[in-house]
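Numbering (my numbering), first residue to last: 916 to 1291.
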Amino acid sequence: MQVPLLDLRAQYASFKDEVLPVIAEICDAQQFILGAKVEAFEKELADYCRCRRTIGVTSGSDALLVALMAENIGPGDEVVTTPFTFFATVGAIVRVGATPVFADIDPVTFNIDPAAVESKITPKTRAIIPVHLFGQSADMDPIMKIAEKHHLVVIEDACQAIGAEYRGRRVGSIGDYGAFSFFPSKNLGCFGDGGAVSCNDEAKADKIKIFRNHGQSKTYYHEYVGGNFRLDALQAAVLSIKLRRLDAWSEARRSNAADYEKLFAAAGLLDGRITLPARAAYPVRHIYNQYCIRVADGRRDALRDYLHAHGVGCAIYYPLSLHLQPCFAALGGKKGDCPQSEKATAEVLALPVYGECSAEQRRFVVETIAAFYRGE
Ligand SMILES: *Cc1c(COP(=O)(O)O)cnc(C)c1O
């Protein structure tokens, strides 16, 4: 048996008949840049995220970047964020010329620890970027309290967490902005790159819209230096069709995650060797963009190699904490600065959790892990 980490072909087959005529319609009209399809998707996405506005952009990376640009965050400013995330979170901060400041993570949720955030606030801090990693919300209430107290902007990196909830609120509707990615491997993926910024403040949303299109308030009159961060009509049309199915797909992932809990327990692997992704102590809806287990006793890489050799897809998100990345060496990060993040990079392993992964395939994943520990 083969179990890939992710296989989008079955998902595509389920809406192919609906999407292809819409793509043909856009091609016939030759109207690709912004327009009605993008506007329609932006409204649907805002409804889905239960926030006032969303603005479609080129990618999740650019969603983070454009929010920082619109807030005029740059040289001399500090932005507190997590070292245990995809590179883009921190790349955006450095690209605007600001300084990322790393606050360590909570080992249970892998998300930024609010107490660590508080300890990193200085007079130079302008913003906090919490990341809802793997599809589970960061602990937003204490983060929003810190932000209020110090007048900081909060940009939620919700790139892995569309539809996830924190105390009944959808992620991206809690901070000043939310950043979403429609990279194909995310729970809502388009047919290429895409992203969105969410926002509850009309004036801020209007400004993001201006920044998305070279800072033009009207054609060829540039109020700011923005960029080309436009979502295109083809991607928006695909996303509108997929958005209607997103909850069913995320529910399938949640159900697969619940099934893994039973399978791992039945296999006797939860005796300290394997730790499953834990639900936060606060009420959440986890959408399992990734199902990341922890592997103890320094055996993670050996298990990864064994799974690959036996036809089970798996991956390490992420193998090197961002404060230790060579490109950020000038920031002076050292081993030991963020011990929980560093420990996570040595232990995590993502297993297949996509909706179409069958019961048989999930059983095979857990049986293969059990065989590894039996030394077979
Ligand atoms: C995917 C991702 C991004 C970047 O999104 P792109 O659309 O690939 O640019 C940013 N942050 C996190 C946490 C992500 O997972």
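C-beta atoms are modelled at their ideal positions from N, C-alpha and C, and glycine is treated no differently.
Item checked: Check whether ALA978 and GLY1110 have beta carbons under 8 angstroms apart -> yes
Margin query: Out of ASN987, TYR1232, LYS1122, SER1256, which one is the CA nearest neighbour of GLN1075?
Written below: The residue with the shortest Cα to Cα distance from GLN1075 is TYR1232.
Notebook entry, point to check: Leaving out five residues before and five after PHE930 in sequence, what residues of the same chain have Cβ atoms less than 8 angstroms from its Cβ?
Noted result: Taken in chain order, the residues that qualify are ILE1156, LYS1157, ARG1160.
Next item on the list: Taking GLN1304 as the reference, give the member of THR973, GLU1117, GLY1093, ALA1224 with the closest Cα.
Entry: For the chain, the structure presents residues 916 to 1291; residue 1304 sits outside this window and is missing.
Next item on the list: Look up GLU1063 in the DSSP assignment and say whether it is helix, strand or coil.
Entry: helix
Notebook entry, point to check: How big is the Cα-Cα spacing for PHE1243 and ALA939?
Noted result: PHE1243 and ALA939: Cα-Cα distance of roughly 45 angstroms.
Notebook entry, point to check: So the alpha helix (DSSP H) ILE941 belongs to, where does it begin and stop?
Noted result: 924-944
Margin query: Any contact between the segment 1249-1266 and the segment 998-1010? By contact I mean 3 or more CB pairs, one from each, below 8 angstroms.
Written below: yes
Notebook entry, point to check: From what residue to what residue does the beta strand (DSSP E) around ILE1043 run?
Noted result: 1040-1044
Checklist line | Interface flag, LEU1048 vs chain D, CB-CB below 8 angstroms | finding: Looking for chain D here will not work: only one protein chain is present.
Notebook entry, point to check: For ligand 1, any of its heavy atoms closer than 7 angstroms to the Cβ of THR1000?
Noted result: yes
Next item on the list: Kindly indicate which three-state DSSP category LEU1185 falls into: helix, strand or coil?
Entry: coil
Next item on the list: Could you check the C-alpha separation between GLU1282 and LEU1222 for me, to the nearest Å?
Entry: 10 angstroms
Next item on the list: Give, in chain order, every unbroken run of the beta strand (DSSP E) that is at least 3 residues long and sits entirely within the segment 1050-1094.
Entry: Counting whole runs of 3 or more residues, the segment 1050-1094 contains the beta strand (DSSP E) stretches 1068-1072.
Item checked: C-beta atoms of ARG1194 and ASP1212 nearer than 8 angstroms -> It is not a contact, given that the beta carbons lie outside the stated cut-off.
Notebook entry, point to check: Looking only at C-alpha atoms, which of LYS1064, PHE1279, ALA1259, VAL1086 sits nearest to ILE1070?
Noted result: VAL1086
Next item on the list: Give the range of the alpha helix (DSSP H) segment to which THR996 is assigned.
Entry: Element bounds for THR996: not the alpha helix (DSSP H) but the beta strand (DSSP E), 993-996.
Item checked: Inter-residue spacing [alpha-carbon to alpha-carbon] between HIS1047 and ARG1200 -> 11 angstroms
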